[in-house]
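J.: Before I ask anything, let me first share the structure, which is written out below as structure tokens.
Residue numbers (the numbering used here): 842 to 1323.
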């Protein structure tokens, strides 16, 4: 390298910086991209020496082309400055790409982006369960294509609040709130949007043809005047006796004398002794009377003499219409075996929980969570050959409840006396059902998969029913719901 005059050295340095920035763009981009890909998919950091060799190789191609245009560039200090700039850019880009690959979640999907959760400030802890109170915000909007909401129904929706589990994603909270509004107010259509602060934006359509929608296919709705039992609600199975004939049907609506008296009593003014007190602030000013909030629609009848609308078969409508006097009796639905099985499970120290997997759940825990195979779901001592024979009294099934439903919720690897680590919690609980937003449910929104169809571990955004010992289950929920 020939000697350079001192007065031209600053110019050579500036030219070297210019050439380094111009030439180092491509090596920096390649180094950063390669560092991100290697760290994200393998978890290994690309060595710095490899980055230097790669950057110099790419820069030499561009420098060689520049040397053909200006051969004297190899003998000037600008080349050394340009090489230093290229190496610094490549190493910096590699460092940033490696950092991004380490911090970016590896289980990122479009479904998980939609599964937003509530803010921790609005969650209320009730025992071991989280609960959230959802309140409407803004005006209750109308749905296009439907008539506007009545003023009383609009006022009722605006002043109402709803309590739902706090461990559900916002999309599931919206679905449940829509179903509740349809059931309670018999809305023709409703659209709900819930934000992270548990504020709901509601658009609803008034009921249209409410009775005709509730009549099953092949049935007819018939109203009869009779004594309405207290507590009668829509959906109850009843028997109507017309002399020697008995007709069975399902209640569509019911109203008694006590139901008609309640609105009148609600409209009567209440004597308030404090309302007559006069303050010292001067003459009294007449205040506008604010209307009372409408009462929440009741789902059961208060009873008394009234009318009941039931859905009966077509050939039985004539008998009810021609009867002068009928008697109504409510039929029993029996005992729910599901609640009996759940009570047996909890009696033995086990519990069943529904939860949504959080985005920050440890991957080693999610990968180890699987459903118990069919053999593990059988109680010890039970035989599956030639039918389902129960265990003898001398060899009770683990759980002690004597019920197949309770034993089916147990796993072979139950909790031990020692406190397990976070990864061991996954094998001490049993997955009863799982709902994914993927290929296993064919894109359906309400698709539950039951064993033995669960073939892989959990993913963020999945909703599951899990069973296990209470202490282990609580620790598992704390580890997964994050």
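Beta carbons are placed, not taken as given, at the ideal position from N, Cα and C, and that holds for glycine.
Here the structure is a predicted model, which means the values were calculated and not measured.
Would you kindly work out how many angstroms separate the C-alpha atoms of residue 1071 and residue 1145, rounded to a whole number?
T.: Along the chain shown, one-based indexing puts residue 1071 at 230. Along the chain shown, one-based indexing puts residue 1145 at 304. Approximately 7 Å, taken between the alpha carbons.
J.: Just the Cα atoms here: how many angstroms apart are residue 1058 and residue 1195?
T.: In the chain shown, counting from the first residue as 1, residue 1058 sits at position 217. In the chain shown, counting from the first residue as 1, residue 1195 sits at position 354. Approximately 35 Å, taken between the alpha carbons.
J.: Tell me whether the beta-carbon of residue 1273 lies closer than 8 Å to the beta-carbon of residue 1308.
T.: Here residue 1273 refers to the residue found at position 432 of the chain shown. Here residue 1308 refers to the residue found at position 467 of the chain shown. Yes.
J.: For residue 1198, collect the residues of the same chain with a Cβ closer than 8 Å to its Cβ; drop the 5 residues on either side in sequence, then sort them by chain order.
T.: Position 357 of the chain shown, counting from 1, holds the residue named residue 1198. Excluding residues within five positions, the ones whose Cβ falls inside 8 Å are 1207, 1299, 1300, 1301, 1302, 1303, 1304, 1305, 1321, 1322.
J.: Between the alpha carbons of residue 1189 and residue 1155, how many angstroms are there, rounded?
T.: Position 348 of the chain shown, counted from the start, is the residue given in the question as residue 1189. Position 314 of the chain shown, counted from the start, is the residue given in the question as residue 1155. Residue 1189 and residue 1155: Cα-Cα distance of roughly 50 Å.
J.: Would you mind reading off the limits of the beta strand (DSSP E) that contains residue 1006?
T.: Taking the chain shown and counting its residues from 1, one reaches residue 1006 at position 165. From DSSP, the beta strand (DSSP E) with residue 1006 extends over 1003-1006.
J.: Buried or exposed, going by whether 16 or more other CB atoms sit within 10 Å of the CB of residue 850?
T.: Counting from one through the chain shown, the residue named residue 850 turns up at place 9. With fewer than 16 other Cβ atoms within 10 Å, it is exposed.
J.: Buried or exposed for residue 1026, please, with buried defined as at least 16 other CB atoms from any protein chain shown within 10 angstroms of its CB.
T.: Here the question's residue 1026 lines up with position 185 in the chain shown. Label assigned to residue 1026: buried.
J.: Run the CB neighbour count on residue 997, radius 10 Å, all protein chains shown included, and call it buried at 16 or more, exposed below.
T.: Walking along the chain shown from the start, residue 997 turns up at place 156. Counting Cβ neighbours within 10 Å, residue 997 comes out buried, since at least 16 surround it.
J.: How far does the beta strand (DSSP E) with residue 1032 in it reach, from first residue to last?
T.: Here residue 1032 corresponds to residue number 191 of the chain shown, with the count starting at 1. Here the beta strand (DSSP E) through residue 1032 covers 1030-1035.
J.: Report the residue from 959, 1093, 1079 whose alpha carbon sits nearest the alpha carbon of residue 1169.
T.: Residue mapping note: residue 1169 aligns to position 328 of the chain shown, counting from 1. Cα-wise, what sits closest to residue 1169 is 1079.
J.: Hey, would you say residue 1152 sits closer than 8 Å to residue 1093, going by beta carbons?
T.: As a working note, residue 1152 is residue 311 in the chain shown. As a working note, residue 1093 is residue 252 in the chain shown. Contact flag set, yes.
J.: Is it the case that the Cβ atoms of residue 942 and residue 873 are separated by a distance below 8 Å?
T.: In the chain shown, residue 942 corresponds to position 101, counting from 1. In the chain shown, residue 873 corresponds to position 32, counting from 1. No; because the gap between Cβ atoms is not below 8 Å, this pair is not in contact.
J.: Whole angstroms are fine: how far does the CA of residue 1077 sit from the CA of residue 830?
T.: This structure cannot settle anything about residue 830, because the visible part of the chain is limited to 842 through 1323.
J.: With a 10 Å radius around its C-beta and 16 neighbouring C-beta atoms as the bar for buried, classify residue 1039 as buried or exposed.
T.: Residue mapping note: residue 1039 aligns to position 198 of the chain shown, counting from 1. That one is buried.
J.: Could I get the ranges of all uninterrupted alpha helix (DSSP H) runs contained in the segment 953-997, with 4 residues as the minimum, in chain order?
T.: Complete alpha helix (DSSP H) runs here, min 4: none at all.
J.: Under a three-way DSSP split, which group does residue 1283 fall into?
T.: Taking the chain shown and counting its residues from 1, one reaches residue 1283 at position 442. Reliability fails at residue 1283, whose pLDDT of 49 lies under 50, so the model's placement of it is uncertain and the value that follows must be treated cautiously. In this structure, residue 1283 counts as coil in the three-state DSSP scheme.
J.: Would you check if the distance between the CB atom of residue 1160 and the CB atom of residue 1088 is smaller than 8 Å?
T.: What you label residue 1160 is simply residue 319 of the chain shown in a count that begins at 1. What you label residue 1088 is simply residue 247 of the chain shown in a count that begins at 1. Yes. Within cutoff.
J.: Short check: CB of residue 895 to CB of residue 871, under 8 Å?
T.: If you number the chain shown from 1, residue 895 lands on position 54. If you number the chain shown from 1, residue 871 lands on position 30. Result yes, Cβ atoms of residue 895 and residue 871 sit closer than 8 Å.
J.: Can you round the beta-carbon distance between residue 1191 and residue 1319 to whole angstroms, since I take them to be within the 8 Å contact cut?
T.: Sequence index remark: in the chain shown, residue 1191 carries index 350 (1-based). Sequence index remark: in the chain shown, residue 1319 carries index 478 (1-based). Rounded, the Cβ-Cβ distance is 18 Å, inconsistent with contact.
J.: Do residue 1004 and residue 976 have their CB atoms nearer than 8 Å?
T.: Here residue 1004 is taken as the residue at index 163 of the chain shown, counted from 1. Here residue 976 is taken as the residue at index 135 of the chain shown, counted from 1. Contact flag unset, no.
J.: Going by DSSP, what residue range makes up the beta strand (DSSP E) through residue 1192?
T.: Locating residue 1192 in the chain shown gives position 351, where the first residue counts as 1. Unbroken beta strand (DSSP E) run through residue 1192: 1191-1197.
J.: Should residue 1043 and residue 981 be called a contact, given that it needs their Cβ atoms to be closer than 8 Å?
T.: As a working mapping, residue 1043 is identified with position 202 in the chain shown. As a working mapping, residue 981 is identified with position 140 in the chain shown. Taking 8 Å as the Cβ cut-off, residue 1043 and residue 981 qualify as a contacting pair.
J.: What is the rounded straight-line gap between the Cα of residue 921 and the Cα of residue 897?
T.: Within the chain shown, the letter at position 80 stands for residue 921. Within the chain shown, the letter at position 56 stands for residue 897. Computed Cα separation, rounded: 12 Å.
J.: What is the rounded straight-line gap between the Cα of residue 1117 and the Cα of residue 1000?
T.: The residue given as residue 1117 occupies position 276 in the chain shown. The residue given as residue 1000 occupies position 159 in the chain shown. Note that residue 1117 scores 46 on pLDDT, short of 50, meaning its location in the model is unreliable; the coordinates nonetheless yield the value given after this. Residue 1117 and residue 1000: Cα-Cα distance of roughly 28 Å.
J.: To the nearest whole angstrom, what separates the beta carbons of residue 865 and residue 900, a pair I think is in contact under 8 Å?
T.: Position 24 of the chain shown, counted from the start, is the residue given in the question as residue 865. Position 59 of the chain shown, counted from the start, is the residue given in the question as residue 900. Rounded, the Cβ-Cβ distance is 7 Å, consistent with contact.
J.: Using a 10 Å radius around the Cβ and a threshold of 16 neighbouring Cβ atoms, would you call residue 1008 buried or exposed?
T.: Walking along the chain shown from the start, residue 1008 turns up at place 167. By the 10 Å Cβ count, residue 1008 comes out buried.
J.: When DSSP labels each residue in this structure, what does residue 1310 get in the three-state scheme?
T.: The count along the chain shown starts at 1 and reaches residue 1310 at position 469. If DSSP states are grouped into helix, strand and coil, residue 1310 belongs with the strands.
J.: Considering only the alpha carbon of each residue, which of 1270, 1271, 1291 lies closest to residue 1277?
T.: Sequence index remark: in the chain shown, residue 1277 carries index 436 (1-based). Measuring from the Cα of residue 1277, the nearest candidate turns out to be 1291.
J.: I need the DSSP call for residue 919, collapsed to helix, strand or coil.
T.: Numbered from 1 along the chain shown, position 78 holds the residue referred to as residue 919. Three-state DSSP puts residue 919 in a helix.
J.: Starting from residue 1182, follow the alpha helix (DSSP H) in both directions and report where the run begins and ends.
T.: In the chain shown, the residue the question calls residue 1182 occupies position 341. Note, residue 1182: alpha helix (DSSP H), 1178-1188.
J.: Along the chain, where does the alpha helix (DSSP H) containing residue 883 start, and where does it finish?
T.: Mapped onto the chain shown, residue 883 falls at position 42. First-last of the alpha helix (DSSP H) with residue 883: 850-883.
J.: Over what stretch of residues does the beta strand (DSSP E) that includes residue 1160 continue unbroken?
T.: Taking the first residue of the chain shown as 1, we reach residue 1160 at position 319. Element bounds for residue 1160: not the beta strand (DSSP E) but the alpha helix (DSSP H), 1158-1163.
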